[in-house]
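**Q** Okay, handing you the structure first.
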Amino acid sequence: MKLSQPLKILVGIATLWVVIYPLAMFVTWLMLMALAPLTGGRGDTPGPLFFFIFMIFMLIAVGGSWFRLALQLFYLSHIILNRAGNDTARVLLGIGCVVLPLVALPCTYFLYVLPQRPPEWALSRPPAEATA
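In numbering that gives the first Met the number 0, the protein residues as written are 0 to 131.
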């Protein structure tokens, strides 16, 4: 599957977002919990500002999850349709896209999407001719 250079850059930015997103959400969650007492609540209940920030945070979290799922589907289709790739690498990256996308998506990007031609070791080799 051949992609234009601007589309490759866009996919790279999307992949970077998917890698940075969990760390950003974790830091945001910690800040939200640390600042909950300062949002104007009385006693043990947080104030309305907390719930407003929490709602925005949850919308971003759900949107980010859908975005990651869409990117995983793109990468899986790219792996499946890339017949020039080594079968072992394609299988491992395909499983990795489902099981551990934070590692497999950038690997797939730098191995098969970004370069014009993947490295020789990542390409499939024609079957050896049988000699009698």
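From the three backbone atoms N, C-alpha and C, an ideal C-beta is built for every residue, glycine too.
Take the Cβ of residue 62 as the centre, count every other Cβ of all protein chains shown within 10 Å, and call the residue buried at 16 or more, exposed below.
**A** Numbered from its first residue, the sequence shown carries residue 62 at position 63. By the neighbour-count rule (16 or more Cβ atoms within 10 Å), residue 62 is not buried but exposed.
**Q** Can you tell me which of the three DSSP states residue 93 falls into?
**A** As a first step, residue 93 is located in the sequence shown; it is residue number 94 there, counting from the start. Residue 93 falls in the helix class under three-state DSSP.
**Q** Can you tell me whether residue 46 is helix, strand or coil according to DSSP?
**A** Looking up residue 46 in the sequence shown gives position 47. DSSP places residue 46 in coil when its eight states are reduced to three.
**Q** Taking contact to mean 3 or more Cβ pairs, one atom from each stretch, closer than 8 Å, check whether the stretch 17 to 32 and the stretch 52 to 69 are in contact.
**A** Yes: at least three Cβ pairs fall under 8 Å.
**Q** Around the Cβ of residue 103, are there at least 16 other Cβ atoms within 10 angstroms (buried) or fewer (exposed)?
**A** Indexing the sequence shown from 1 puts residue 103 at position 104. Buried, by the Cβ-count rule.
**Q** Going by beta-carbon coordinates alone, are residue 100 and residue 110 separated by less than 9 Å?
**A** Looking up residue 100 in the sequence shown gives position 101. Looking up residue 110 in the sequence shown gives position 111. Result no, Cβ atoms of residue 100 and residue 110 do not sit closer than 9 Å.
**Q** Less than 9 Å between the beta carbons of residue 68 and residue 78, yes or no?
**A** Your numbering for residue 68 matches position 69 in the sequence shown. Your numbering for residue 78 matches position 79 in the sequence shown. No.
**Q** Helix, strand or coil for residue 122 per DSSP?
**A** Against the sequence shown, residue 122 aligns to sequence position 123. Strand, per DSSP.
**Q** Where does the unbroken alpha helix (DSSP H) through residue 112 begin, and where does it stop?
**A** As a working note, residue 112 is residue 113 in the sequence shown. No alpha helix (DSSP H) holds residue 112; DSSP gives it neither H nor E.
**Q** Are the C-beta of residue 20 and some C-beta of chain D separated by less than 9 Å?
**A** You won't find chain D in this structure, because it holds only one protein chain.
**Q** Evaluate residue 88 with the Cβ neighbour count: other Cβ atoms within 10 Å of its Cβ, from every protein chain shown; 16 or more gives buried, anything less gives exposed.
**A** Within the sequence shown, the letter at position 89 stands for residue 88. Residue 88 is buried by the Cβ-count criterion.
**Q** What whole-angstrom Cβ distance do residue 7 and residue 112 have, given they're in contact under 8 Å?
**A** As a position in the sequence shown, residue 7 is number 8, starting the count at 1. As a position in the sequence shown, residue 112 is number 113, starting the count at 1. Contact flag correct, Cβ pair sits at about 6 Å.
**Q** Could you check if residue 140 is buried or exposed, using at least 16 other CB atoms within 10 Å of its CB as the buried criterion?
**A** The chain is shown from 0 up to 131; residue 140 falls before or after that span and cannot be answered.
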